[in-house]
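What follows is a set of notes on a single structure, which appears directly below.
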Amino acid sequence: MSDSIVHLLRVACGCRFKYCYRNLLNLASRGQLYEAVDALLYLSKGGVLLNYKTIASLLRRIADEKSLKAEKLVHLHWKLTRSKHPDTFLTNHLIEKYAKCGDHSRAREVFDKMRVKNLYSWNNMLSGHAKLGMAKAAWKVFDKMPERDFVSWNTMIMAYVQSDRLDEVVRCYLELRRSDCGYNEYSFVGVLTVCVKLKALWLLKQLHCQVFVLGFLTNVVLSSSVMDAYAKCDEMGDGRRLFDEMKWRDVLA
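Numbering (our numbering), first residue to last: 577 to 829.
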C-alpha cells in the first residue's frame with residue numbers, strides 16, 4: 577500500500593473527511609489517478625463514503641486523461657455507495673465520461689440501469705453514439721426520447737453527416753424547423769455540409785434566410801461558412817452580397 581493511501585486512511589479514521597476529499601483530488605490532479613482510485617476503494621471498504629461531488633470531480637479528472645481502467649474502478653465505488661448519492665447526477669457523469677473514454681457499451685449499461693433519466697441523460701447517450709458514427713443506434717435513442725432540445729437535434733444531424741446519410745440530414749433539419757426546440761449557431765453547420773455536397777442551392781437559400789431572421793449572421797464563423805457554401809455551389813452573387821453586408825470580417829471571410 578502506498579504512503580499516499582496510508583495517509584488518506586489515517587485522515588479518514590480521524591473523521592477529517594474534508595481533508596480526505598481534498599487529498600484524494602490532489603492525487604488525481606498530480607496525475608496519480610490509479611493511486612487516487614486505490615485510495616477511494618480502500619476508503620469505501622473501510623466504511624468511508626465519499627460525497628457525490630468528490631466522485632464526480634474524480635470522474636472529470638479521469639475522463640480528461642482518458643484513463644478507462646480507473647474510470648471502471650470509480651464506477652465500482654459508485655455502486656458500493658449508490659444509495660447515498662443522487663442517482664441521476666452521478667449516472668449522467670458516468671455516461672458522459674465512459675463515452676469520452678470510448679467505452680460505449682459500458683455507457684449504455686449505466687444508461688439502461690438508471691432509475692430516472694432526464695434530458696441530459698438522453699443527450700449524453702445520443703452524443704456517444706453520434707461520436708462513434710453510429711447513426712442507426714443514435715436514431716433509436718433519438719426516437720425514444722420523451723423530450724428534445726436543439727442539442728438533441730444538432731447531435732442527430734451531425735450523426736447523419738458523419739455517416740454520409742445526406743437525405744436524412746435534410747429530413748432532420750426540416751423537422752427541426754417545424755418543431756419548437758429552437759436553434760443555436762451549431763444547428764446549421766451540418767446542413768451547410770449537405771448543401772455543398774448536393775449542390776442544393778434551394779436548401780442553402782432557405783438556410784441563409786433563416787440564419788438572417790434569427791440574427792445569427794453576426795457570428796463571423798457561421799456567416800463565413802454560408803458565404804463559402806455559396807462559392808462551392810457556384811453562386812458567387814449571393815455570396816458577394818453576404819460579404820458586402822457583413823459588419824465584421826476576419827481572415828475566414
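Ideal Cβ positions, reconstructed from N, Cα and C, are used throughout, including at glycine.
For S763, decide whether its Cβ has a neighbour in chain B, counting only Cβ atoms nearer than 8 Å. Absence of chain B from the displayed structure is noted, only one protein chain being present.
Within the same chain, show all residues whose beta-carbon is closer than 6 Å to that of L793, passing over the 5 residues directly before and after it, in chain order. V787, S799
Would a C-beta distance cut-off of 8 Å place A735 and A711 closer than the cut-off? yes
Would D601 pass as a contact of L634 if the rule is Cβ separation under 8 Å? Per the sequence shown, the amino acid found at residue 601 is Leu instead of Asp. It is a contact, given that the beta carbons lie within the stated cut-off.
Compare the C-alpha of G678 against each of C771, E647, V796 and name the closest. E647
Using a threshold of 8 Å, state whether the C-beta atoms of V717 and W698 are closer than that. yes
Option nearest L768 by Cα separation, candidates Y806, D725, Y610: Y806
Sequence-distant residues of its chain with Cβ nearer than 8 Å to M812 (five each side left out): Y806
Cβ neighbour criterion (16 or more within 10 Å) applied to D688: exposed
C-beta contact flag for L702 and A714 at 8 Å: yes
Compare the Cα-Cα distances from V833 to each of D756, L780, F726 and report the closest residue. There is no way to answer for residue 833, as the model of the chain reaches only from 577 to 829.
Please state whether the Cβ-Cβ distance between R724 and C757 is less than 8 Å. yes
Less than 8 Å between the C-beta atoms of L752 and V770, yes or no? no
Alpha helix (DSSP H) segment containing L702, residue limits: 695-707
Using only alpha-carbon positions, find the residue among H784, D719, V789 that is nearest to D804. H784
Along the chain, where does the alpha helix (DSSP H) that runs through G766 open and close? 765-774
Measuring straight from C-alpha to C-alpha, what distance separates K720 and L695? 12 Å
Same chain, Cβ closer than 8 Å to L790, neighbours up to 5 away in sequence not counted: Y759
Ordered along the chain, which non-local residues of its own chain (more than five positions away) have a Cβ less than 7 Å from that of L708? H680
S763 to Y618 span [Cα, whole Å]: 46 Å
Quick test of your reading: A706 and T731, contact by CB under 8 Å. State the CB separation rounded to the nearest angstrom. 5 Å
Helix, strand or coil: which one does DSSP assign to E811? coil
Among I631, V613, V650, V737, nearest to L774 - alpha-carbon criterion: V737
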